[in-house]
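Enquirer:
In the working numbering, the protein residues as written are -13 to 364.
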């Protein structure tokens, strides 16, 4: 019988694998940088040897055909920045192009090459001694190496910077990885304490997500059951004319996640529903066969729906079993979503204002009765 080795868990593996990966990446980056640095050094050495070979070749040539003038010397300067022949004291005898600067130290006994460097820039200077007409002379040439010098300077700049940056990243990972995982540890510990995560499971994150999903579903079901229980418990009280209101006058029993409020999308009540019942579950409906989406309530897809107090009268007569709030004066005294209207008059006409108020008071009863007559006739 074979047994499979149990994993350490994602968070434990991260604590081991992530620092290891960072250190491995730093090692690979360092090896690559050192390899590139070695390649640049080998290329520079190869260019210096090439400059030495050219200097020795010219020394042998000039030793046989000296003297050589400036015009003849220019024919040998192909591919060079400059070419110079001087005596032992450094006095110029012939030159072509830009004369190379002298190298530090006494005149060499054999060919030598220096560069590229900060003093010479992107140039390799080589010199070789030769004897002509009983004099000890020196041929000096300058070989261009701008591309090589540019890469060497970039390498000298980025090598310490890249190493420091890699070290900083490694320290950041090593020092702050555990504090970054601390909230996850706390969450997992609380989930285990609540019984939402199996202690033996390997995929801790997946198990924790499933556990919290089950907890959320259970909480939603509990709220729906609680909302239904509240509605059932309050039904008798609502028949007697009692409502639960918060200090701002909002209906508490409907303003909760367990209650679904249906409304017409694009209707005048849409914004009112969203601000009046921010905690409730909102269900937008585009069309319905009545003045309000009552079908959603009858199909048990919603619990309540807003309706204008005027068409409510006709709907209440046609569809039995509906209940409207507030039920005082058959819902005609409701101030929900009220739109006050007024008449602007000159503030310097108090007599006119008093006459309008008196006229309004005298006609109110007649207008209310006329409104009731029209509603009942609908």
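Every residue gets a Cβ at the ideal spot worked out from N, C-alpha and C, and that includes glycine.
1) In the structure shown, what three-state DSSP assignment does residue 352 receive?
2) Going along the chain, which unbroken runs of the beta strand (DSSP E) with 3 or more residues stay wholly within the stretch -3 to 85?
3) With 16 other CB atoms within 10 Å as the buried threshold, where does residue 162 fall?
4) Please report the Cβ distance between residue 76 and residue 88, rounded to the nearest whole angstrom; I am assuming they are in contact, meaning their Cβ atoms lie under 8 Å.
5) Determine the DSSP secondary structure at residue 110, reduced to helix, strand or coil.
6) Per the DSSP calculation, residue 150 is bridged to which residue(s)?
7) Determine the closest residue to residue 322 out of 257, 8 and 265, with distance taken between C-alpha atoms.
8) Would you list the one or two residues that DSSP bridges to residue 246?
9) Considering only DSSP beta bridges, list what residue 115 is partnered with.
10) Specify, as a first and last residue, the run of the beta strand (DSSP E) that residue 98 falls within.
11) Could you check where the alpha helix (DSSP H) with residue 256 kicks off and where it finishes?
12) Measuring CB to CB, does residue 101 end up less than 8 Å from residue 131?
13) Run through DSSP, which three-state label would residue 130 get?
14) On the DSSP bridge assignment, give the partners of residue 358 in chain order.
15) Does residue 54 pass the burial test, meaning 16 or more other C-beta atoms within 10 Å, or should it be called exposed?
16) Residues in its own chain within less than 7 Å of residue 137 by CB, not counting five upstream and five downstream?
17) Taking buried to mean at least 16 other C-beta atoms within 10 Å of its own C-beta, is residue 292 buried or exposed?
18) Distance check for residue 201 and residue 265, CA to CA, integer angstroms please.
19) For residue 122, I'd like the list of residues in its chain whose CB is within less than 7 Å of its CB, leaving aside the five on either flank, ordered along the chain.
20) On the criterion of 16 or more Cβ atoms from any shown chain inside 10 Å, does residue 341 qualify as buried, or is it exposed?
21) So with Cβ pairs under 8 Å, would you call residue 272 a contact of chain C?
22) What three-state label does DSSP hand residue 325 in the structure shown?
23) Around the C-beta of residue 117, are 16 or more other C-beta atoms found within 10 angstroms, so that it is buried, or is it exposed?
24) Do the CB positions of residue 367 and residue 240 come within less than 8 Å of each other?
25) Check residue 290 in the structure and name its three-state DSSP category.
26) So is residue 72 buried or exposed if we call it buried at 16+ other beta carbons inside 10 Å?
27) Short check: CB of residue 127 to CB of residue 37, under 8 Å?
28) Under 7 Å from any heavy atom of the ligand FMN, does the C-beta of residue 41 make it?
29) Using CA coordinates, which residue listed in 16, 112, 78 and 4 is at the minimum distance from residue 43?
Expert: Working from what's here:
1) Taking the chain shown and counting its residues from 1, the one referred to as residue 352 is at position 366. Residue 352 falls in the helix class under three-state DSSP.
2) Considered as a whole, the stretch -3 to 85 harbours 68 to 73 and 78 to 83 as its complete beta strand (DSSP E) runs of no fewer than 3 residues, in chain order.
3) As a working note, residue 162 is residue 176 in the chain shown. With a 10 Å radius around the Cβ and a threshold of 16 neighbouring Cβ atoms, residue 162 comes out exposed.
4) Here residue 76 is taken as the residue at index 90 of the chain shown, counted from 1. Here residue 88 is taken as the residue at index 102 of the chain shown, counted from 1. Contact holds; Cβ gap of about 6 Å.
5) As a first step, residue 110 is located in the chain shown; it is residue number 124 there, counting from the start. Correct three-state label for residue 110: strand.
6) For the purposes of this step, residue 150 is taken as the residue at position 164 of the chain shown. DSSP, once it has assigned bridges, lists no residue as partnering residue 150.
7) Numbered from its first residue, the chain shown carries residue 322 at position 336. The shortest Cα separation from residue 322 among 257, 8 and 265 belongs to 257.
8) As a first step, residue 246 must be located in the chain shown, where it is residue number 260. As DSSP reads the structure, residue 246 sits in a beta bridge with 267.
9) Counted from its first residue, the chain shown places residue 115 at position 129. Answer by DSSP bridge pairing, in chain order: 124.
10) Locating residue 98 in the chain shown gives position 112, counting from the first residue. For residue 98, the enclosing beta strand (DSSP E) covers residues 98 to 100.
11) For this step, residue 256 is matched to residue 270 along the chain shown. Unbroken alpha helix (DSSP H) run through residue 256: 256 to 262.
12) Here residue 101 is taken as the residue at index 115 of the chain shown, counted from 1. Here residue 131 is taken as the residue at index 145 of the chain shown, counted from 1. Here residue 101 is near residue 131, since their CB atoms are less than 8 Å apart.
13) Indexing the chain shown from 1 puts residue 130 at position 144. Under the three-state reduction of DSSP output, residue 130 falls in the strand class.
14) By 1-based counting over the chain shown, the position of residue 358 is 372. Residue pairing by DSSP leaves residue 358 without any beta bridge partner.
15) Within the chain shown, the letter at position 68 stands for residue 54. It counts as buried.
16) Numbered from its first residue, the chain shown carries residue 137 at position 151. So the qualifying residues of the chain are 26.
17) Residue 292 sits at position 306 when you count from the first residue of the chain shown. So residue 292 counts as buried.
18) The residue given as residue 265 occupies position 279 in the chain shown. The residue given as residue 201 occupies position 215 in the chain shown. When rounded, the distance between both Cα atoms is 19 Å.
19) Along the chain shown, one-based indexing puts residue 122 at 136. Excluding residues up to 5 positions away in sequence, 74 and 115 lie with their Cβ nearer than 7 Å to the Cβ of residue 122 in the same chain.
20) Translated into the one-based positions of the chain shown, residue 341 becomes position 355. An exposed status is given to residue 341, since fewer than 16 other beta-carbon atoms sit within 10 Å of its beta-carbon.
21) No chain C is present in this structure, which holds just one protein chain.
22) If you number the chain shown from 1, residue 325 lands on position 339. The three-state secondary structure of residue 325, taken from DSSP, is coil.
23) Reading the chain shown from its first residue, position 131 is the one you call residue 117. So residue 117 counts as exposed.
24) Limits of the chain in this structure are -13 at one end and 364 at the other, which puts residue 367 out of reach.
25) On the chain shown, residue 290 is found 304 positions in, with the first residue counted as 1. In the structure shown, residue 290 sits in a strand (DSSP, three-state: E or B).
26) On the chain shown, position 86 is the one that residue 72 refers to. Taking all protein chains shown into account, residue 72 has 16 or more neighbouring C-beta atoms within 10 Å of its C-beta and is therefore buried.
27) Taking the chain shown and counting its residues from 1, one reaches residue 127 at position 141. Taking the chain shown and counting its residues from 1, one reaches residue 37 at position 51. It is a contact, given that the beta carbons lie within the stated cut-off.
28) As presented, the structure is devoid of all ligands, the ligand FMN included, so that no description of it is given.
29) For this step, residue 43 is matched to residue 57 along the chain shown. Answer by Cα proximity: 112.
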